[in-house]
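Participant:
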Amino acid sequence: MADTYTQLYIQIVFSVKGRESLIKKAWKDELYAYIGGIITKQKSKSLAINGMPDHIHIFIGYNPVISIPNLVEEIKTSSNKFLKEKFKAFGFNWQKGYGAFSYSRSQIDPVIKYIGNQEMHHKTRTFKEEYIKMLNDFEINYQEQYLFDFQNISTWDN
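Residue 1 is where the sequence shown starts when you use the UniProt record's numbering, and the numbers rise one by one after that.
In structure tokens, the structure reads:
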């Protein structure tokens, strides 16, 4: 073929270091917009970004000009710096790992709705339960001791 064409949809999930509830409701929208800008700059398309005080879901139309690990690292590094400079969130850091899950075109709308309804989902399910369900649904082998450092704090109390 003379050119390269792709259609890739990826949901990226990661948490705040120590699973602390540090994403403040007052600035989460600005954080999500900033992350959307990073994704655009890396030639991918932001489809949905949302989360809870202790974790984030990012759904993208992925352009493989940058590897997923490099894209996640850019998102984490740049947004971490942004939060410290703009909101003086000096204790804020993202946790090291992440999950990345692929979807077909027919799943775009349900995934966007799922990500948009994070507060509702977490009234009945912890992030640990949500993440383990995702790993199981995608038949990903994992060892529980290497999952995130879970605490069961996921409310917008801060």
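A virtual CB, placed ideally from N, CA and C, is assigned to each residue, including glycine.
In whole angstroms, what separates the C-alpha of Thr-77 from that of Gln-118?
Facilitator: Roughly 24 Å between the two C-alpha positions.
Participant: Can you tell me whether residue 209 is buried or exposed? The criterion is at least 16 other CB atoms within 10 Å of its CB, across all chains shown.
Facilitator: Outside the displayed range of the chain (1 to 158) lies residue 209, so it cannot be described from this structure.
Participant: Please classify Ile-66: does DSSP put it in a helix, a strand, or coil?
Facilitator: Three-state result, Ile-66: coil.
Participant: Label Ile-140 either buried or exposed according to how many other C-beta atoms from any shown protein chain fall within 10 Å of its C-beta, with 16 as the threshold for buried.
Facilitator: By the 10 Å Cβ count, Ile-140 comes out exposed.
Participant: Output yes or no for whether 8 Å exceeds the beta carbon distance between residue 167 and Tyr-131.
Facilitator: Here the chain comprises residues numbered 1 to 158, so residue 167 is not present and cannot be evaluated.
Participant: Out of Ser-46, Lys-88, Lys-96, point me to the one whose CA is closest to Asn-63's CA.
Facilitator: With distances taken between Cα atoms, Asn-63 lies closest to Ser-46.
Participant: Is His-121 helix, strand or coil when you go by DSSP?
Facilitator: Reduced to three states, the DSSP call for His-121 is helix.
Participant: Taking all protein chains shown into account, do 16 or more other C-beta atoms lie within 10 angstroms of the C-beta of Gly-99, making it buried, or fewer, making it exposed?
Facilitator: With 16 or more other Cβ atoms within 10 Å, it is buried.
Participant: So, are the CB atoms of Gly-97 and Phe-14 less than 8 Å apart?
Facilitator: Cβ distance < 8 Å, so Gly-97 and Phe-14 count as in contact.
Participant: Would DSSP call Ala-33 helix, strand or coil?
Facilitator: Three-state DSSP puts Ala-33 in a helix.
Participant: Would you report the Cα separation of Gly-61 and Gln-7, rounded to the nearest angstrom?
Facilitator: The straight-line gap from Cα to Cα measures roughly 7 Å.
Participant: Please return the same chain residues whose Cβ sits closer than 8 Å to the Cβ of His-121, not counting the five positions on each side in sequence.
Facilitator: Excluding residues within five positions, the ones whose Cβ falls inside 8 Å are Tyr-114, Glu-130.
Participant: Could you tell me the alpha carbon to alpha carbon distance between Phe-138 and Phe-101, rounded to whole angstroms?
Facilitator: Using only the alpha carbons, I get a separation of about 8 Å.
Participant: Using the Cα positions of Tyr-34 and Thr-40, report the straight-line distance between them to the nearest angstrom.
Facilitator: One C-alpha to the other measures close to 10 Å.
Participant: State the start and end residues of the unbroken beta strand (DSSP E) segment that holds Leu-8.
Facilitator: Looking at the DSSP string, the run of the beta strand (DSSP E) that includes Leu-8 is 8–15.
Participant: Could you tell me the distance, in whole angstroms, from the CA atom of Ala-26 to the CA atom of Asn-136?
Facilitator: Cα to Cα, the separation comes out at about 33 Å.
Participant: CB Leu-83 to CB Leu-31, shorter than 8 Å?
Facilitator: The answer is yes: Cβ separation under 8 Å.
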